[in-house]
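Asker: First to last, the sequence lines map onto chains A and B.
Positions 393 to 723 (this note's numbering) are the ones given, in order, by the first sequence.
Positions 353 to 1539 (this note's numbering) are the ones given, in order, by the second sequence.
Pasting in a structure now, in C-alpha cells, and then I'll have a few things to ask.
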Amino acid sequence: MNLGTDFLTLKLKNPIIAGASPLSSTLDGIKRLEDAGAAAVIAHSLFEEQINHEQRQIDHFIHITAESHAEAISYFQAENRFDNFSAERYLREIEEAKAALSIPLIGSLNGVSAGGWVQYAKAIEAAGADALELNITYIPTSMHLSGAEVEQMYVQTVASVREYLNIPLNIKMNAYFSSPAHMARRFVELGIAGVTIFDNPTRVDIDLELLTALRMPNITTSQSLSETLRWCAILYRQLPCTICAGTGVHTHEDLLKALMSGANTAALASVLLRHGAEHIGVILQGLEAWMEAHEYESVRQMIGSISLAHTDNPAAFERNSYMYALQHYRS
Amino acid sequence: MPHMITVDGNEAVALVAHKINEVIAIYPITPSSPMGEFSDLYSSKGERNIFGSVPEVYEMQSEGGASGTVHGALQSGALTTTFTASQGLLLMIPNMYKIAGELTPTVFHVAARSLAAQGLSIFGDHQDVMGVRQTGFALLCSNSVQEAHDFALISQAASLASRVPFLHFFDGFRTSHEVSKIEALEEAHLRAMIDMELVHAHRRRALTPDAPVLRGTAQNPDVYFQGRESVNRYYDALPKILEAQMDKFASLTGRAYKLFDYVGVEDATEVIVLMGSGAEAVHETVEYLTCKGEKVGMIKVRLALPFAIDAFIAALPRSVNNIAVLDRTKESGSIAEPLYHDVVTALFERQSALPFAMPRIIGGRYGLSSKEFTPAMIIAIFEELRQAEPKNHFTIGIDDDVTFTSLVYDEGFILHTEGQFEALFFGLGSDGTVGANKNSIKIIGAETPNYAQGYFVYDSKKSGSMTTSHLRFGPKPIRSSYLIQEADFIGVHQAVFLEKLDLLELAKEGGVFLLNSPYPREEVWARLPRVTQERIIEKKLRFYAIDAYKVARESQMGSRINTVMQTCFFAISGILPQDEAIAKIKKSIQKSYGGKGEAVVAMNFAAVDTTLENLYQVEVPLHVSSKEELAPVLKGDLTPFVRDVIGAITAFKGDSLKVSQIPDDGTWPTGTTQYEKRNIAQEVPLWDPDTCIQCNKCVMACPHSVIRSTIFDAALLEGAPEGFLSKKAKGKEYGENDLFNISVAIEDCTGCALCVEVCPAKNKSQTNLKAINMAPQLPLRETGIRDWDFFLSLPAMDRARLDHGDVKESQFLEPYFEFSGACPGCGETPYVKLASQLFGDRMVIANATGCSSIYGGNLPTTPWRKDAQGRGPAWSNSLFEDNAEFGLGFRLAIDSHAAQAKELLQQLAPRLGGVEIGLIVNAPQREESEINAQRQRVEVLKAALQTIEGEAAKNLLELADYLVKKSVWIMGGDGWAYDIGYGGLDHVLASGKNVNILVLDTQVYSNTGGQQSKATMTGAVAKFAAGGKAGMPKDLASMAINYENVYVAKVSMGANDKATLRAFIEAERYDGPSIIIAYSHCVAHGYDLRYGFDQQKRAVDSGLWPIFRYNPEKLAAGENPLTIDYKGPKIGVKDYMYRETRFKMVEKMNPQAAQAFLETAAHTAQNLHKRYTNLQQQFNKPEEAQS
C-alpha cells in the first residue's frame, strides 16, 4: 500500500502534515510529531506584528523613563544587546529542527507588511526550511477599502515574497474572499506551489462577567470539514499546485474525505492539540485499515475522486444547502 | 593621531579603572553610580583588564560594606578600587584609615558632591573629599573629563609606586556628567604606566596561609605612636613619585601635568589658587585677561594632599603680590577652608626662604552644590585682590546679606570664545531631548575636528520635569565649566514651557530659535506669549518650527521626539552640511539601535526622512502682536515666603535668592505643592456619575492625590458652579439629601490613568468606557479649576464618623500628602497617601533618602500638608542608612514627653479641678473617636493650665499635646530596608517600641536609577545585575516574624486593597514595632504604569509576592496571628514576569538563563506559599508543632 503523496514540490511519505500549532513550537514537540508519523511539519508561526511589537516595546520602555531626573538618568543599561527576539529565536529553532528531522520542515509566517514578509521569508529559507507557508490574515474593518483593494494587497504581498524566495511557497487561503477560486488562481500565477484550504482565524467570544471581548484559539471539530471539502473539490485539477486540507480533519474518515475531494494532504492541528501528537498514528492506522478493507492501493489513487470534476453529484458542491433541501422536499 | 572619544567623566574614569583593577566593590550613590554601572557592564560583556582577567564587580549593601570589601581584597593582594561620593565617602572613613595605615596601594574614584547638612544635595562640591583629608589618603584632583581619564591611570601608578592610597576626585555632575571629546588612553599606555613589578610586590604582601603574617594588631601606649609616625617617609616621598609618574605619562601621551600647574603671565601679581572644574573657568578667564594685558595668573592644584610645599612655591610667579585661595567647601566654625589653610601654612613655614616677598593671601568659598562659577565672578575675585583691603573669607556667586561675605560681580559680563558654537535645548524629562543631544555631541565629536561639550540640567520633579541641555562646539578645547550664558541656538522642545518661562532670554542676536509647536503653521506666531515674540524681534532670531509629535507619531515613535528634533538641529544649525548630517544621524541610529532590532532602526530612519518635510521657517512679523503674558509659576493664597522664595525657585530664579531668605536651620513650610499647578497632563480623568458605583477605588489608587470624593448635603449645591456633578449617595447610612461627588484636580494630575484601570464599573452601553475616563485636559481646564475650587470649599467629612477599616469610607478621609513630584503612576505614593489619610493629623515621619524623600522633600514645593486645624504630618529626612534609628529617636522623645506630661499631670492634679485626669492618663486611643475625645480632654486641660502659675504648669502646657497619641512612621525603600539600613531596622524591630515601618518595596534602588537590592526578584534585570539577578530575594517579612512580637504585613494594594487597609490600621494600633512591606510598581520595571495595579495582582496571583498579616495581638488573644490574604500560586510566574521589561529583556539576551530564572521563580512561588501556610498551621496547633 502506498501512502505517498505530494505537497508543493515535496514528496511526502503519507498525507498527514502536522500543521502550525503550539505542538510545533519546540524542537521536542517537532520530534514527537515526526515520531508519531507526520510526513512533514509546519513550524509554529512567526508573527511579524509580534516581532515589531516586542522590539519597539523593549526599546520604548528602556528609553521612555530615561534622562528625566539627575539621579536616575537611566533605569536600564542602554548598551544591552538583544539577539533573541522572536525572529532570531524562530530562525534558530528552524535550523535546529531541520538538522534533527528526516521529514520536510515548513516555515510559517504570519505577517502584515510587504517589506516585513520578504525579510523574514528569506531568513526562514536561509535557516533551512524546505518550504514556506504564508498566512496572510487581514481583517478589513474600513468601510472605504474595497474587496478588490484587499485582494490586491494579498497579491502584492505574495508577489514580493515569491520574487525573493527559492523554496516552494504555500498559501493558507482566506475563506472570505468573494471568489476563493479566482484568488487561488492569481496566487498560482505568481508562482506559488500550493494552497491550504483554509486558514483558521481566532475565534471571538464575549466574557459576560468582565464585559469584554475575547480572542480565543479556534479549536475545530469534524463539523468544520464541510467548506474544506467543497473548495478542495472545486479547485482540484483546476490549478497546477497542490492542495492541503487545513480545517476539520480529525479522523481517518475526515482525511479520506479530504483526499477524495481533491486535497493532496491534510494539515492537522486541532485534533493533535486535543489528543496529542501520537494521534497521528491512530489516524494513519485508520487510513490504512480503511484502504485495505476497501482495496485501495495508494493515496494518490483516491485524490480528487469525489471532486467537482469527478463526482456523481456536483450539485453537492455547487449549490447551497437551502437549495439542496428544497429539491429534496420537492422530490 | 590620538584616538578621540566622546564620553562623560564617569565613563572616562571607568574605562581606565576597569582595565587596571581586579576587584571592584561598589554601592550606588549619585553622581558616582555610573562608574560602577559601566564597570559592571564591561565585566558582564567579558571585557578583560590588562592582567588578563575579567574584573569581579560586586555590589555591597552600603559604602561602608564596599570599603570593607575593598580593604579585604587589597589585603588579599588584588588590585582593587571603588567609586563613591558624598555620604558614601564618609561611610568609608574607618576603612580608609585602615587602608592608609597599612600602606596599601589603591585608588578610590570620587565624583565629589555636597554633604547633607541643612538639606541634602546631590550636586557637586568638595565637602565630601575635604571630609576625609585626615585619613591618610593622597588627594588628587582632576579638573576636566580628559584629566579624569588621565588621572585615573596616573593615580593608580603613583599609588603602586608610593604605597600610599589615592583618592582621585573630580567635580560631581560638572565633570562626572559632562560629555566631552577627549583623547582616549590606549591599552599600551596602561601597560606602560602600570609597573608589573609593583603589582607583584602588592600581591606578595597578601595575606596567605602559604606565607602567613598578621595585621590588624591591637597596640598599646608603648608602640602605637611610633607606628603612626613610621609611615612619614612614604608621604614625604610621594610628591616626587607622582611627579615622576606624571612625567612618564607625558612622554607616553604628550599630555603633561605637574603637581601644581601655573597658567598666566610670568610677571603676574595676582594669582588665584584652586582645584576642580572651576579651575578650567579660571584658566579661560586668565587667558582672556592676560590678552588684555592684565598681570594675572592661576595655579591648578593637582595634588591637594600631601601638600607639596616646595613644588607649590616653585609654581608661583616671582612677581606674586596677592593670592586668592578658593575652596569649594564649607567648614562652619573653622578660620577658613582647608586649601587656604594649606597655602597659608606652606608660605609661612617657608617665609624665610621664599623667592619673593610674602604675598597677601585671602581665601574664599565658591560653587557649593554646583553653584555656577563664571568668568564674571573670577574677574571680581581678581579685582578684589587689587583692593587695599580685600575681603578675606569671602563668598562668590551668592548674595550674603547676613554676614556680608559675598563679593559683588558684574552679572552682565559674558566671556565670548571665538569660534565656539553654543546651543541650549529645553525638553521634557524622557522626551528624548537629552538623549538626542548626547547623540549630537557624539556625532560632532566623532565626525568633525571640533571639540564638543555637553552638560545637562534636570529639575527636581520626577514627573513632567524640564531638562536643559547645554552644548558647546569649537575648534579649541572647551574650558567653560559653567552653563551657557548666551546661545547661538535655542531649541524649545515643548511649547508649553513658553507659557511660564522666558526661554529666549539667553539667545544671541541673530541666533536660531527652533520650536516644537503643536499648532498649525499659520498659528505658530500668534500662539507665542508677548515676551517670546519680543525676544524674537529684538534679537533678530531666525525662527523655525515643526510639529515633532506629529512626525514622531507618524513614524511610530510615540511620544519620543529625539530623532525628529536632532534632525532639525542639524538641518538648520549649519554645523555640518545637511546631507552629510543626515547620513551621520542614520549611521548613529544604526549604531545605537542596531542591537535593539530592525523595527526600531526602521522607525527612526522614517522619522529622519519625514522630519525635513515638516520643518519650516516662520516668517517673523515686524511687530509684537501677542497680549499673552507669562503665567505665574505659583497660584493661590500665598504667604510672602511661598511667593518670594518658593516662587523664585519654581521660576528657576533660585540663584537670585539672598542668604537671609533661606531658612538657616533647614526648616521649610509644608503643603506647598498645592500652589504649583503644573498642568503637565495631556489627558486627565473625567468622572461619569451615571456609571459610577461609588467604590472609591480610583481615589485610593491615585498616586498624586488628585482624585477626591466626598458626601455632602444637597443644600450646598446652591453655591455650586454650573455643571458640578453629583449623584445620590449610596449606602444605608446616608440620607435622601446626601450627595456623592468625585472631583479631580486636573491641574495637578500627571495623566497616569491608573485610576481608569482600577475602576471596576463599565458603562453599560459602551464597555470601553468606565466610571472614570481620560479626556484631553485643555478643554476641561477652565471648568475643572472651578469645580475643584468648589470641591475644596465643601466641608470635610467627620473623621470620627467614618469607618476607617472600610475601603470606600477610608477614601473620604482627606489626604495629608498631595501633588507630589513622583513619577506618573508611581506605585509607592498610594501607600504613602493612605497612611497620611489614616494618621496624618498625628503623624511624624522619618523618611530614608530615596525616591520618597525626593518626592516628599525636594525643593521647591513639597507635598506633605496641613488640615484646616493646622495639624498634619511633620516630616524629616536624616540620611539613607540611619532612618530606622532616626525614627526610633522620635519615639523615644515622644514617649519621654508623654511620660513627663503624665507625671506633671499627677503632680498638678489637685489644682486641675474639672479636668478628667484619670481618663487623660488611661483612656484608650485606638479608634479615631477615642483620639478625638482625648484631644478634647487635652484642650480642656490646656485651658485650665493657662490659669495656673508656676514652672510645672508651664511645662505641662508645652507637653500636653503629647498626651494625644502620636503615630511614628519610618518610611523608605527596599535599598534602605533590605540593604544599607537593615542593621538599624533590625535593631528597631527588636526594640519593642511602638514605631511603624513602611517599606516601599520597588525591588530596586529606584531613586538612583534601578540598581539591584536584596529585594530584587530572581530573573529581573537591574543595574549591577545586567544579565538578570541570579540570587533569591531576601524574605524580610519572614525574618521580622521570627521576633514574634513584631507586627508584620506584606501587602499589595493592587491585589487586595482591603487587606492593605487593614494592615495599616492594625500596624498602627499595635503597641510595638510594626513593619509593612508594600509592593510598589515602578518605572524601573519597564511597563506602562497605568497597569501597575494589574501587575501587582499578577505578582500576588503568581505567588511571587505572598500577602499576609502577622499580628502579635492575636497571638496574645490566643488566636492564630497569621492571616494569609492570597490563595497560593494561581497563574504561572511567566504571566506576571513577562509583562515587564525587567524580566522579559533577559529572554531577549540570554534565553537559557531566562528559562532557568522562570523555573527558579516558579519554585520560589510554591515554596513561599508552603512556608507561610506551614507557619499558619504551626500556630494553629502549637502542641503538635512542639512535639
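Cβ coordinates follow ideal geometry from the N, Cα and C atoms, glycine included.
Beta-carbon separation of A/Ala-650 and A/Leu-400 under 8 Å?
Answerer: Result no, Cβ atoms of A/Ala-650 and A/Leu-400 do not sit closer than 8 Å.
Asker: DSSP three-state label for A/Thr-643, please.
Answerer: In this structure, A/Thr-643 counts as coil in the three-state DSSP scheme.
Asker: If contact is defined by three or more beta carbon pairs under 8 Å, each pair taking one atom from either stretch, is the region 782–797 of chain B in contact with the region 1042–1056 of chain B?
Answerer: Judged by Cβ distances under 8 Å, the region 1042–1056 of chain B makes no contact with the region 782–797 of chain B, as fewer than three pairs qualify.
Asker: Tell me which residues share the same chain as A/Thr-703 and place their Cβ nearer than 8 Å to its Cβ, disregarding the 5 neighbours each side in the sequence.
Answerer: Within the same chain, A/Thr-703 has close Cβ partners Ala-625 and Phe-709.
Asker: Reducing DSSP to helix, strand and coil, say where B/Thr-747 ends up.
Answerer: Reduced to three states, the DSSP call for B/Thr-747 is strand.
Asker: With A/Thr-639 and A/Asn-566 assumed to form a contact (beta carbons below 8 Å), what rounded beta-carbon distance in angstroms separates them?
Answerer: The Cβ separation is near 12 Å, so there is no contact.
Asker: Can you grab the Cα-Cα spacing for the pair B/Val-1347 / B/Ile-913, in whole Å?
Answerer: Cα to Cα, the separation comes out at about 47 Å.
Asker: Compare the beta carbon distance of B/Lys-1482 and B/Pro-1473 with 8 Å and say whether it is the shorter of the two.
Answerer: No, the Cβ-Cβ distance between B/Lys-1482 and B/Pro-1473 is not below 8 Å.
Asker: So is the beta-carbon of B/Leu-1337 under 7 Å away from any non-hydrogen atom of the ligand GDP?
Answerer: Judged by which ligands are present, the structure shown has none, so any question about the ligand GDP falls away.
Asker: Could you tell me whether the Cβ of B/Leu-1069 comes closer than 8 Å to any Cβ of chain A?
Answerer: No, no contact with chain A.
Asker: Is the CB-CB distance between B/Ser-1230 and B/Phe-1242 below 8 Å?
Answerer: Going by C-beta atoms, B/Ser-1230 is not nearer than 8 Å to B/Phe-1242.
Asker: Using a threshold of 8 Å, state whether the C-beta atoms of B/Ala-839 and B/Lys-891 are closer than that.
Answerer: No, they are not a contact pair.
Asker: If you follow the alpha helix (DSSP H) that B/Trp-1321 is part of, which residue opens it and which one closes it?
Answerer: Looking at the DSSP string, B/Trp-1321 is not in any alpha helix (DSSP H); the run it does join, the beta strand (DSSP E), is 1319–1325.
Asker: Let me see if you follow: with CB-CB separation under 8 Å, is A/Ile-443 close to chain B or not?
Answerer: So yes, A/Ile-443 belongs to the interface.
Asker: Hey, out of B/Asn-584, B/Ser-1454 and B/Thr-1024, whose CA is closest to B/Pro-1212's CA?
Answerer: Out of B/Asn-584, B/Ser-1454 and B/Thr-1024, B/Thr-1024 has the C-alpha closest to the C-alpha of B/Pro-1212.
Asker: Counting only beta-carbon separations shorter than 8 Å, does A/Ala-567 have a partner in chain B?
Answerer: A/Ala-567 does not count as touching chain B.
Asker: Would you tell me roughly how many angstroms separate the C-alpha atoms of B/Glu-639 and B/Gly-616, rounded to the nearest one?
Answerer: So the alpha carbons of these two residues sit roughly 7 Å apart.
Asker: On the three-state DSSP scale, how would you describe B/Leu-1350?
Answerer: B/Leu-1350 falls in the strand class under three-state DSSP.
Asker: Name the one or two DSSP bridge partners that B/Trp-1227 has.
Answerer: Beta-bridge pairing links B/Trp-1227 to B/Ile-1197.
Asker: Nearest CA to the CA of A/Ile-635: which residue from A/Phe-579, A/Leu-676, A/Glu-446 and A/Glu-684?
Answerer: Looking at the Cα atoms, A/Phe-579 is the closest of the given residues.
Asker: Considering only residues of the region 1427–1506 of chain B, which uninterrupted alpha helix (DSSP H) runs meet the minimum length of 4 residues and lie entirely inside it, listed in chain order?
Answerer: Qualifying alpha helix (DSSP H) stretches, in chain order: 1444–1453, 1464–1468, 1485–1489 and 1493–1501.
Asker: Excluding the five sequence neighbours on either side, which residues of its own chain have a C-beta within less than 6 Å of the C-beta of B/Ala-732, listed in chain order?
Answerer: These residues qualify, in order along the chain: Leu-759 and Tyr-761.
Asker: Note down, in chain order, every chain B residue with its Cβ under 7 Å from the Cβ of A/Asn-459.
Answerer: At residue 459 of chain A the sequence reads Glu, which differs from the Asn that was named. What A/Glu-459 touches in chain B: Gly-781, Ser-782, Val-786, Gly-787 and Thr-819.
Asker: Using the Cα positions of B/Tyr-1314 and B/Glu-1255, report the straight-line distance between them to the nearest angstrom.
Answerer: Looking at the two C-alpha atoms, the distance is approximately 12 Å.
Asker: Between B/Lys-1410 and the rest of its own chain, which residues show a CB-CB distance below 8 Å, the 5 nearest in sequence each way excluded?
Answerer: So the list reads Val-1159, once near-sequence residues are dropped.
Asker: If you reduce the DSSP assignment to three classes, tell me which class B/His-520 lands in.
Answerer: It is a strand residue.
Asker: For B/Lys-1318, count the other beta carbons within 10 Å of its own beta carbon; 16 or more makes it buried, fewer makes it exposed. Which is it?
Answerer: The residue in question, B/Lys-1318, is buried, as its Cβ has 16 or more Cβ neighbours within 10 Å.
Asker: Any Cβ of chain B within less than 8 Å of the Cβ of A/Asp-599?
Answerer: Chain B contact via Cβ: absent.
Asker: Is the CB-CB distance between B/Pro-1503 and A/Arg-481 below 8 Å?
Answerer: The answer is yes: Cβ separation under 8 Å.
Asker: Would you mind telling me which residues of chain A sit closer than 7 Å to B/Ile-474, beta carbon to beta carbon, in chain order?
Answerer: Within chain A, the residues near B/Ile-474 are Ala-462 and Glu-463.
Asker: Going by the beta-carbon positions, is the gap between B/Val-1051 and B/Val-970 smaller than 8 Å?
Answerer: Their beta carbons are not under 8 Å apart, which means B/Val-1051 does not touch B/Val-970 by this criterion.
Asker: Considering only residues of the same chain and omitting the five flanking positions on each side of B/Gln-571, which have a CB-CB separation below 8 Å?
Answerer: Within the same chain, B/Gln-571 has close Cβ partners Gly-579.
Asker: Enumerate in chain order the residues of its own chain whose CB-to-CB distance from A/Thr-594 is below 7 Å, with the five nearest sequence positions on each side excluded.
Answerer: These residues qualify, in order along the chain: Arg-607, Met-608, Pro-609 and Asn-610.
Asker: Please name the residue in B/Met-387, B/Lys-371 and B/Val-422 whose C-alpha comes closest to that of B/Gly-398.
Answerer: Ranking B/Met-387, B/Lys-371 and B/Val-422 by Cα distance to B/Gly-398 puts B/Lys-371 first.
Asker: Output the boundary residues of the alpha helix (DSSP H) element that contains B/Phe-708.
Answerer: Where B/Phe-708 is concerned, there is no enclosing alpha helix (DSSP H), given that its DSSP letter is neither H nor E.
Asker: Helix, strand or coil: which one does DSSP assign to B/Asp-613?
Answerer: Strand.
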